[in-house]
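Chemist: Going by the numbering used here, the sequence shown opens with residue 26, and the numbers climb by one from there. Yeah, the Cβ is synthetic: ideal placement off N, Cα and C, and Gly gets one too. Computed from a predicted structure; not experimentally measured. Structure incoming, see below.
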Amino acid sequence: MELLELFLVLLAAVLVSTIVTQLLPRVSLPLTQILIGVVIALCMQGGRSFVIDSELFLVLLIAPLLFDESRNADKVALWKNRASILSLAIGLVLVLVLAVGFTLRVIEPSIPLAIAFAFGAALGPTDAAAVASMARSVSLSERQESLLSGESLFNDASGVVSFQFAIAAVTIGTFSLIDAGRSFAVSFFGGIGIGLVLGAAALLCTNVIRKHGTETLTAHITFELFTPFVVFLTAEHLRVSGILATVAAGLLISLAPRPISAYATKLSISSSAVWKVLDFVANGAVFVMLGMQLPEAIVPGWRGGDDVGNAAIIGATAAIAAVLVAARFMWVLLMEACHRDETTHKPQGFSKTLARDAFVTTLAGPKGAVTLSIMFTIPQVMVNGSDYRETIICIASVVVLITLLLANFLMPVVAPEKDESKGRHERAAYAAILQRVHDRMEERYVGSRDSRALGLVLHGYDTRIAALKDLKISDNQMHIANIREMRVWRDRGNRAEKGIDVSKRRFGRRNTMPTGPVRLTKDEVRRMMAQASDLYAEALRMELEEVRQAATRGDIAKKTAKAIREEIYLLQMGLDE
26 MELLELFLVL LAAVLVSTIV TQLLPRVSLP LTQILIGVVI ALCMQGGRSF
76 VIDSELFLVL LIAPLLFDES RNADKVALWK NRASILSLAI GLVLVLVLAV
126 GFTLRVIEPS IPLAIAFAFG AALGPTDAAA VASMARSVSL SERQESLLSG
176 ESLFNDASGV VSFQFAIAAV TIGTFSLIDA GRSFAVSFFG GIGIGLVLGA
226 AALLCTNVIR KHGTETLTAH ITFELFTPFV VFLTAEHLRV SGILATVAAG
276 LLISLAPRPI SAYATKLSIS SSAVWKVLDF VANGAVFVML GMQLPEAIVP
326 GWRGGDDVGN AAIIGATAAI AAVLVAARFM WVLLMEACHR DETTHKPQGF
376 SKTLARDAFV TTLAGPKGAV TLSIMFTIPQ VMVNGSDYRE TIICIASVVV
426 LITLLLANFL MPVVAPEKDE SKGRHERAAY AAILQRVHDR MEERYVGSRD
476 SRALGLVLHG YDTRIAALKD LKISDNQMHI ANIREMRVWR DRGNRAEKGI
526 DVSKRRFGRR NTMPTGPVRL TKDEVRRMMA QASDLYAEAL RMELEEVRQA
576 ATRGDIAKKT AKAIREEIYL LQMGLDE
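Okay, structure coming up:
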């Protein structure tokens, strides 16, 4: 019953956060959800506390989020920036383990070094949900988005594994660098290997089911939702990284070729809608639960549960937050300075712009619920009888808050303003794509198909091109215009079928239409609409091809190309209906 109550409370909190964020637009949605979580925790009756089981948290929320993010990640950009991403996901995490660990040990020498390293490992991973939310609120370059996305996919595993090794050294009392390195390699690469195998198995199952004609829409989506849990739990059972296995499986599944058909389009749209809802709820639940943990994490340490005073806690928190930000900034700055420019193929070197971009990338990697969830797994009493659990959990909680506040309030100030010219350029590129499709259809089918059917299709493209050239309309209004055009297109056929005059002004170009209004019979209308449907389907296929080529040339960004493809899939669904 308590689990059901918790689920309903989380769902209600996520819904409330969407309303509150409209009233407080300057406060990001993740921060709003954290504040709501804090309020819920403070209002709990009977002194009830809330602590997340780290393993349950990872499998129920983090696994499906990372799986979906890996499926939708830009694979070309990830591969292109693979060295930098691995540098952040592994190298930076190890640097933070050492830098934060030694800093904590210097500030409070009584804390065992292994515990200090475990503390640094817990602060290594960036929060994937927070990174995605923060990245949408500011203007980031394509490389920055790729680095942050790739880092958040892989650094959870390196942070969790490093944390587990440090805790093992605390509980057992011994530590071997060689054994730790070997175990890390097995967990890291073993997780990737298991993920690839299970991802291939999932694809094979899907293909077998589809081949035998037993696949349904609901079954396919249910199988998709089921996959990350199976992959994660199987990998953990085999004692390798479940996080990396989930990411590897998602990447492999996304690389599989997808059939082009009305059913495939419907499946893609339906699956995307389900995952968007799941992502929204899961992301919101992550931040709400983070807020619900904070009182339990901060209050005991602040009240002096350990032997460390409050002044020492404040000093340690400020110092560790500064070291965390400084170490990340220096690592990113050096990495970007050594990165070779795409045109000159020479290292970029240092500049003010590079330093600003590095600082933005630094702030765009806040810590989150993963850090706190694994911090709560620290044993209450160490092997030597010391107890610093409450103190370091308190420090970690405040550091998490500091990184989130910096990302919310300082990053928008430092980050460059959004480049409106880029949006105009991509809209113009999309309008050029539609114009090429229009011209190809006109050149190929004038004289060989019903001129009225062709005119109907071409008029639809004229309308969409005109809407794109109107710089006053938003992307959302463009989406509505596309849907409205589809409805108008179908309504015209329905009205014509009832015997209404079909004139050249309804169907567009003069050179594709006879002069004067035409009275059509129902059979003629049906034939005309059937031809128009075939022509529109062919035009949409051309449009998909043109979008792919434009993305390859770099005329439009990968993210924009994906959004356009989703619009085309939606139009294909409307055509099929």
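1. Consult DSSP for ARG365 and reduce its assignment to one of helix, strand or coil.
2. Going by beta-carbon coordinates alone, are GLN556 and ARG474 separated by less than 8 Å?
3. Please report the distance separating the alpha-carbon of ILE246 from that of THR231.
4. State the DSSP-derived secondary structure class of PRO372, mapped to helix, strand or coil.
5. Does the beta-carbon of LYS584, which I'm using as the reference point, lie nearer than 7 Å to any heavy atom of the ligand MN?
6. Could you check the C-alpha separation between GLU571 and GLU451 for me, to the nearest Å?
7. Using a 10 Å radius around the Cβ and a threshold of 16 neighbouring Cβ atoms, would you call LEU165 buried or exposed?
8. Just the Cα atoms here: how many angstroms apart are ALA310 and GLY62?
9. With a cut-off of 8 Å, do at least 3 Cβ pairs link the stretch 144-152 to the stretch 420-432?
10. Might you give, ordered along the chain, the residues of its own chain that have their beta carbon closer than 6 Å to the beta carbon of LEU431, omitting 5 neighbours on each side?
11. Short check: CB of ALA586 to CB of ALA575, under 8 Å?
12. Report all residues from its chain with a CB closer than 7 Å to the CB of ARG465; omit the five preceding and five following residues, and keep chain order.
13. At what residue ranges does the stretch 203-245 contain a whole run of the alpha helix (DSSP H), taking only runs of 4 or more?
14. Give the DSSP-derived three-state secondary structure of MET317 in the structure shown.
15. Report buried or exposed for GLY393, applying the criterion of at least 16 other Cβ atoms within 10 angstroms of its Cβ.
16. Quick check: the stretch 344-354 against the stretch 122-141, are at least 3 beta-carbon pairs closer than 8 Å?
17. Are VAL163 and GLY215 touching if we call contact CB-CB under 8 Å?
18. Spatial neighbours of SER171 within its chain, please: CB distance less than 7 Å, with the 5 preceding and 5 following residues excluded, ordered by chain position.
19. Taking Cβ positions, are GLU94 and LEU178 nearer each other than 8 Å?
20. Pick helix, strand or coil for ASN106, following the three-state DSSP scheme.
21. So which of ASN180, VAL84 and ARG477 has the shortest CA-CA distance to MET554?
22. How many whole angstroms separate the CB atoms of LEU148 and VAL424, which I take to be in contact at a CB cut-off of 8 Å?
23. Would the stretch 248-259 count as touching the stretch 84-93 if we require 3 or more Cβ pairs under 8 Å?
24. Confirm, please, whether the CB-CB distance from VAL462 to ALA169 is below 8 Å.
25. Within 10 Å of its beta-carbon, does PRO441 have 16 or more other beta-carbons around it, so buried, or fewer, so exposed?
26. To the nearest angstrom, how far is it from the Cα of GLU592 to the Cα of ALA108?
27. Contact defined as beta carbons within less than 8 Å: I believe THR151 pairs with GLY390. What is the distance between those atoms, to the nearest angstrom?
28. Less than 8 Å between the CB atoms is what I'm expecting for ALA582 and GLU167, so what's the real figure, rounded?
29. Let me know the secondary structure DSSP gives ASP464 once reduced to three states.
30. What residue range is occupied by the uninterrupted alpha helix (DSSP H) comprising ALA575?
31. So is PHE188 buried or exposed if we call it buried at 16+ other beta carbons inside 10 Å?
32. For ILE403, which residues from the same chain have a beta carbon less than 6 Å from its beta carbon, with the 5 sequence-adjacent residues on both sides left out?
33. Tell me which same chain residues have a C-beta within less than 7 Å of the C-beta of ALA191, skipping the five on either side of it?
34. Are three or more beta carbon pairs between the stretch 107-121 and the stretch 265-274 nearer than 8 Å?
Modeler: In this structure, then:
1. If you number the sequence shown from 1, residue 365 lands on position 340. DSSP places ARG365 in strand when its eight states are reduced to three.
2. One-based indexing of the sequence shown puts residue 556 at position 531. One-based indexing of the sequence shown puts residue 474 at position 449. Cβ distance < 8 Å, so GLN556 and ARG474 count as in contact.
3. For the purposes of this step, residue 246 is taken as the residue at position 221 of the sequence shown. For the purposes of this step, residue 231 is taken as the residue at position 206 of the sequence shown. Cα to Cα, the separation comes out at about 11 Å.
4. What you label residue 372 is simply residue 347 of the sequence shown in a count that begins at 1. Here PRO372 sits in strand by DSSP.
5. As far as ligands go, the structure on display features none, and thus does not contain the ligand MN.
6. Position 546 of the sequence shown, counted from the first residue, corresponds to residue 571. Position 426 of the sequence shown, counted from the first residue, corresponds to residue 451. Approximately 14 Å between the Cα atoms of the pair.
7. Along the sequence shown, read from residue 1 onward, the residue named residue 165 stands at position 140. So LEU165 counts as buried.
8. One-based indexing of the sequence shown puts residue 310 at position 285. One-based indexing of the sequence shown puts residue 62 at position 37. Answer to the nearest angstrom: the Cα atoms are 9 Å apart.
9. A contact exists between the stretch 144-152 and the stretch 420-432.
10. In the sequence shown, residue 431 corresponds to position 406, counting from 1. LEU388, listed in sequence order.
11. Along the sequence shown, read from residue 1 onward, the residue named residue 586 stands at position 561. Along the sequence shown, read from residue 1 onward, the residue named residue 575 stands at position 550. At a Cβ-Cβ threshold of 8 Å, ALA586 and ALA575 count as neighbours.
12. Stepping through the sequence shown from its first residue, residue 465 is reached at position 440. If we look at ARG465 and ignore the five residues flanking it on each side, its Cβ neighbours are MET567.
13. none
14. In the sequence shown, counting from the first residue as 1, residue 317 sits at position 292. Reduced to three states, the DSSP call for MET317 is helix.
15. Here residue 393 is taken as the residue at index 368 of the sequence shown, counted from 1. Buried is the call here.
16. yes
17. For the purposes of this step, residue 163 is taken as the residue at position 138 of the sequence shown. For the purposes of this step, residue 215 is taken as the residue at position 190 of the sequence shown. Going by C-beta atoms, VAL163 is not nearer than 8 Å to GLY215.
18. The sequence position of residue 171 within the sequence shown is 146, counting from 1. Around SER171: ASP99, ALA102, LEU103 and ASN106.
19. Taking the first residue of the sequence shown as 1, we reach residue 94 at position 69. Taking the first residue of the sequence shown as 1, we reach residue 178 at position 153. Yes, Cβ-Cβ distance for GLU94 and LEU178 is below 8 Å.
20. On the sequence shown, residue 106 is found 81 positions in, with the first residue counted as 1. Three-state result, ASN106: coil.
21. Numbered from 1 along the sequence shown, position 529 holds the residue referred to as residue 554. Relative to the Cα of MET554, the nearest Cα in the group ASN180, VAL84 and ARG477 belongs to ARG477.
22. The residue given as residue 148 occupies position 123 in the sequence shown. The residue given as residue 424 occupies position 399 in the sequence shown. Between VAL424 and LEU148 the Cβ distance is about 6 Å, and since that is below 8 Å, they are a contact.
23. yes
24. Your numbering for residue 169 matches position 144 in the sequence shown. Your numbering for residue 462 matches position 437 in the sequence shown. The amino acid occupying residue 169 in the given sequence is Gln; Ala does not appear at that position. No, Cβ-Cβ distance for GLN169 and VAL462 is not below 8 Å.
25. As a working note, residue 441 is residue 416 in the sequence shown. Looking at its Cβ environment, which holds fewer than 16 other Cβ atoms inside 10 Å, PRO441 is exposed.
26. Working through the sequence shown from its first residue, we reach residue 592 at position 567. Working through the sequence shown from its first residue, we reach residue 108 at position 83. If you take the alpha carbons of GLU592 and ALA108, they lie about 34 Å apart.
27. Start at 1 with the first residue of the sequence shown, and residue 151 comes out as number 126. Start at 1 with the first residue of the sequence shown, and residue 390 comes out as number 365. Confirmed, Cβ separation roughly 4 Å.
28. To locate residue 582, count along the sequence shown from 1; it is residue 557. To locate residue 167, count along the sequence shown from 1; it is residue 142. Contact flag correct, Cβ pair sits at about 6 Å.
29. Working through the sequence shown from its first residue, we reach residue 464 at position 439. ASP464 falls in the helix class under three-state DSSP.
30. Residue numbering aside, residue 575 sits at position 550 when the sequence shown is read from its first letter. From DSSP, the alpha helix (DSSP H) with ALA575 extends over 547-578.
31. Indexing the sequence shown from 1 puts residue 188 at position 163. Looking at its Cβ environment, which holds 16 or more other Cβ atoms inside 10 Å, PHE188 is buried.
32. In the sequence shown, residue 403 corresponds to position 378, counting from 1. The answer, listed in chain order, is ARG414.
33. Here residue 191 refers to the residue found at position 166 when the sequence shown is read from its first residue. Cβ within range, chain order: ALA139, PHE142, ALA143 and ALA146.
34. no
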